[in-house]
Amino acid sequence: MLRTLPLVLAVLALGRTAGATVPTDAGVDAGTVDAPKTESDVGYAPQPQGPPPAKLPPRGQQLPNIKLIEPLPSGEWRLPAGDYGNTRYSPLAQIDTGNVKRLRVVNTMGTGIPRGHEGNPLVVDQTMYVVTPFPNELIAIDLDDPTGPLKWRFHPHPDPTAVGKACCDVVNRGASYADGKIIYNLLDAHTVAVDAKTGKEVWRTKIGEVNRGETMTMAPLVVKNLAIVGNSGGELGVRGKVVALDVATGKIVWTGYNTGPDADVLIGPGYKPFYAKDRGVDLGVTTWPPDQWKLGGSTVWGWISYDPGLNLIYHGTGNPGVWNADLRPGSNHFSCAIVARNADDGQVKWAYQLTPNDAWDYDEVNENILVDMEWKGKMRKLLLHPGRTGFMFVLDRETGEVLSAEAFVPVNWAKGYDLKTGLPIENPSKRPHMGTVTKDICPSSSGGKEFNPAAFSPRTGLLYIPAHNTCMEFTGIEANYIAGTPYLGASVKMYPGSKEFQGDLVGWDVANARAVWHVKEKLFPLNGGVLATGGDVIFYGTMDGWLKALHARTGELLWKFKLPSGVVGNPMTYLGPDGKQYLAIYAGIGGWLGATAFPSVSLEDPRAGLGVTGAMQQIKRYTSPSGVLFVFALEDPKEGK
Amino acid sequence: MSRFLLLIALAAAHPGCDRRPTESPQGGAPPPVKTPVGTIPGPGVQAPVATNPFGSSPLAARAGRQWFLGYNCAGCHGGHAGGGMGPSLRDKTWRYGSSSAHIFDSIAEGRSNGMPAWGVKLPEEHIWQLVSYIQTLGTEEEVNPPTPIPPPPQQ
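Listed in order, the protein sequences are those of chains A and B. For my numbering, count along the first sequence from 1 and bump the result up by 56. For my numbering, count along the second sequence from 1 and bump the result up by 978.
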């Protein structure tokens, strides 16, 4: 009865193929994975650790050689990161290193959606706005009333097809406020604007085709009259793009693709990349096999920053499609790149590709933090990019020149970067290939740090990087492009990079390009963001549900609190109508790594969840799915007795 | 045919109904219900159950494993069907039913949270082979089962 049909013919009937045959198990399970024994097995030695800053400036001041893009989020929080520069620094200083241990829960609210709660709330006009994971509801909470009742809850009803097209749980990373509207993205590839007072929809614009695998998860950044958004779907062979919408009407003003002809990428005479490798005509076509750029990923699902002085927006781009690099010889521009575009028309000023022909899924969508500071004796306009590659990049944000690239976690895929050419010095033994099993590549596909954003304090000059120490085994296999399904050509197993720790909050001295302290997490990578404050306390959450407060100068643990679910979101802080400082964070495990906590994932399959389960074997013991907003404030010392 | 019998049974079970639905509203043939996911209203009637023509053939399961990789099922449901973008198929939770016929329908018709309707593209034979493979998951007969995961870091 059984006939073994020629596999190739059957698959060709479905659509395009990359490669001549279909994936098989050959070579995939050649052996078990042994966790590396020591750090030195997996990484080149990072820079020697330096001393933390000797002292802090007087309260209310910054270090004299550091200047941030104003305004900073003092009372309110209107943009995803609080500010254009993505520092996630709030000058609020009521909560400080001396009193942080008096933080108490003052309000909680369940969203009713037990999926990954990435991002953070906004606070505008004494109203808190929470965007939930799919179905992407927008909740407005009245802060004038201390009991925090809802003002309204907006139900956008996105297409549920999107649930099965999103690579990494049904997350949403937040909203921007502008012109009386809350603007955010829906998982089914639409951007929506909601009246901030009434909760009524003002406009909704379709950005992508969910049936082809395009989804949206990132937080828009509003710049002047434009809401800048980007698509997700790099695991499904979509074509990455960044789109600017008119805040008033939702009409698309410009679209910049990250692959394809220069006219589509918005490359014109003003394009002046720093490195020769990023120069040329139609690189978005010529650096790919024929037509592969149409499936070339390079999506924009991370953070966008903006320099009003230069009028440039900065965004990263995701992995090239297909994952298997042997199937797309060439540098694959402009995947895995940092791109600077004119905010008004999207024209590219410069681009810098971090990993030509990416073979590891090192999306470079991580935040680009904009800081003016002294660099080797001279004030410069810097862009700080703690990369998926495990390297901490410092660029000149006017030109795209790389000033420094040093490892902040154990890294072995490259020894470093050649700052003359901008190219990585690759370790050939850690570049995966078709049909072979490459073991112990560090970091893993989830990176030395994932999308979860770092914070920078102008009072310490330190960047606080929520890092991963996770490694992987990577096997290149054949791939079929079938629209609306994953387009990988790879089989991946991830696992902890050492027995000692898998997460690391790195205090990074930007000026000296080295760590000054590490606060290690034994069990899980850090997959939530960081907040830095004028009170010299930094806050972040862990995947096993601890909200932690560290001393910004020394890294000393000052306070911690156990939340009912793991954290993959970002702490934020604001002033309430009573003039007091509050701290808000979501508890809600999920996202790519955190979805392993869901009942729908079986941990005995090391290739489940695109290969993350091996790194997350303990997750169901330590946390469970939920979705709760937590708000903290200082307890009055008199009340605590 | 079976739908007709079902409706007769339904009517018999609820004599108080003021209108007896003995035919579909438009008067045409009732839509086919291949494998009901819900309960069947009224007593006494069982839905016909489609059976996998390959049964528990190990060869069919091996072929199904190949389709599982080749049609990108593994990308969503995990390399050994442990889940990810789509749910685990290794566990005991089957929202749309765990019988061969139910699994066939889930593949062929698709499901609303993003599962494509593969019946439009794939020959019926491939879908039954996928069913054969899926039903070996977690059993002694599983084709290419997952290798053990190394022990976690010391506590």
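Backbone N, C-alpha and C fix where the C-beta goes; we use that ideal spot for every residue, glycine too. Since we're looking at a predicted model, the values are computed, not measured.
{"Query": "Would you say Asp661 (chain A) reaches chain B, if we count a Cβ-Cβ gap shorter than 9 Å as a contact?", "Result": "yes"}
{"Query": "Around the C-beta of Ala86 (chain A), are 16 or more other C-beta atoms found within 10 angstroms, so that it is buried, or is it exposed?", "Result": "With a pLDDT of 42 at Ala86 (chain A), under the threshold of 50, the modelled position of this residue cannot be trusted; read the value that follows with caution. Flag for Ala86 (chain A) reads exposed."}
{"Query": "Among A:Gly667, A:Gly290, A:Ser680, A:Val684, which residue has its Cα nearest to the Cα of Gly1154 (chain B)?", "Result": "Residue 1154 (chain B) falls outside the range modelled here, since chain B spans only 979 to 1133, and no answer is possible."}
{"Query": "Give me the Cβ distance between Ala571 (chain A) and Phe464 (chain A), rounded to the nearest whole Å; I'm assuming they're in contact under 8 Å.", "Result": "6 Å"}
{"Query": "What does Pro276 (chain A) touch in chain B if you count any residue whose Cβ is under 7 Å from its own?", "Result": "In chain order: nothing, as chain B lies at least about 24 Å away."}
{"Query": "For Val1121 (chain B) and Ala1039 (chain B), I'd like the C-alpha separation in whole angstroms.", "Result": "7 Å"}
{"Query": "From A:Ala319, A:Val309, A:Gly456, A:Pro177, pick the residue whose C-alpha is nearest to that of Leu199 (chain A); which is it?", "Result": "A:Pro177"}
{"Query": "So with Cβ pairs under 9 Å, would you call Ser391 (chain A) a contact of chain B?", "Result": "no"}
{"Query": "With DSSP run on the structure shown, which of helix, strand or coil describes Tyr678 (chain A)?", "Result": "helix"}
{"Query": "What does a CB cutoff of less than 7 Å around Gly352 (chain A) pick up in its chain, not counting 5 residues either side in sequence?", "Result": "Arg295, Thr315, Trp344, Pro376, Gly377, Asn388, Ser391"}
{"Query": "Please report the distance separating the alpha-carbon of Asp692 (chain A) from that of Ala149 (chain A).", "Result": "16 Å"}
{"Query": "Alpha carbon to alpha carbon, how far is Thr411 (chain A) from Glu482 (chain A)?", "Result": "10 Å"}
{"Query": "Am I right that Pro212 (chain A) and Asn192 (chain A) are in contact with their C-beta atoms under 8 Å? What's the rounded C-beta distance?", "Result": "6 Å"}
{"Query": "Which ranges would you report for the beta strand (DSSP E) in the segment 259-340 of chain A if only whole runs of at least 3 residues count?", "Result": "277-279, 282-286, 297-302, 308-313"}
{"Query": "By the three-class DSSP mapping on this structure, what secondary structure does Gln403 (chain A) have?", "Result": "coil"}
{"Query": "One question on the structure: do Ala196 (chain A) and Phe210 (chain A) come within less than 9 Å of each other, judged by their Cβ atoms?", "Result": "yes"}
{"Query": "Expressed to the nearest angstrom, what Euclidean distance is found between the alpha-carbon atoms of Thr1114 (chain B) and Asp1069 (chain B)?", "Result": "12 Å"}
{"Query": "Name the two residues that bound the continuous alpha helix (DSSP H) containing Trp349 (chain A).", "Result": "First-last for Trp349 (chain A): undefined, no H or E at that position."}
{"Query": "Report the residue from A:Leu242, A:Gly236, A:Leu292 whose alpha carbon sits nearest the alpha carbon of Val278 (chain A).", "Result": "A:Gly236"}
{"Query": "Quick one: any contact between the segment 396-410 of chain A and the segment 557-565 of chain A, if contact means 3 or more CB pairs under 8 Å?", "Result": "no"}
{"Query": "How big is the Cα-Cα spacing for Ser1084 (chain B) and Ser1076 (chain B)?", "Result": "10 Å"}
{"Query": "Is the Cβ of Pro216 (chain A) closer than 9 Å to any Cβ of chain B?", "Result": "yes"}
{"Query": "Asp634 (chain A): buried (16+ other C-beta within 10 angstroms of its C-beta) or exposed?", "Result": "exposed"}
{"Query": "Which same chain residues end up closer than 7 Å to Ile263 (chain A) when comparing Cβ atoms and leaving out the 5 residues on each side of it in sequence?", "Result": "Ala245, His246, Thr247, Met272, Val285, Asn287, Val299"}
{"Query": "Give a yes or no on whether the minimum CB-CB distance between His1080 (chain B) and chain A is below 9 Å.", "Result": "no"}
{"Query": "Compute the Euclidean distance between the alpha carbons of Thr305 (chain A) and Glu577 (chain A), then round it to the nearest angstrom.", "Result": "46 Å"}
{"Query": "So if I threshold CB-CB distances at 9 Å, which residues from the segment 1050-1070 of chain B count as touching chain A?", "Result": "Asn1050, Cys1051, Ala1052, Gly1053, Cys1054, His1055, Gly1056, Gly1057, His1058, Ala1059, Gly1060, Gly1061, Gly1062, Met1063, Gly1064, Pro1065, Ser1066, Leu1067, Arg1068, Asp1069"}
{"Query": "Starting from Phe1082 (chain B), follow the alpha helix (DSSP H) in both directions and report where the run begins and ends.", "Result": "1078-1087"}
{"Query": "What three-state label does DSSP hand Lys616 (chain A) in the structure shown?", "Result": "strand"}
{"Query": "Which word fits Lys307 (chain A), buried or exposed, when buried means at least 16 other C-beta atoms lie within 10 angstroms of its C-beta?", "Result": "exposed"}
{"Query": "For Gln637 (chain A), does the three-state DSSP call read helix, strand or coil?", "Result": "strand"}
{"Query": "Given a threshold of 16 other Cβ atoms within 10 Å of its Cβ, counted over all protein chains shown, does Glu126 (chain A) qualify as buried or as exposed?", "Result": "exposed"}
{"Query": "Specify the secondary structure class of Gly559 (chain A) as computed by DSSP and reduced to three states.", "Result": "strand"}
{"Query": "Between the alpha carbons of Gly1064 (chain B) and Cys1054 (chain B), how many angstroms are there, rounded?", "Result": "5 Å"}
{"Query": "Tell me the rounded alpha-carbon separation between Val187 (chain A) and Asn228 (chain A).", "Result": "7 Å"}
{"Query": "Taking a cut of 7 Å between CB atoms, which residues from the segment 522-549 of chain A lie near chain B?", "Result": "Asn536, Ile538, Gly540, Thr541, Pro542, Leu544, Ser547"}
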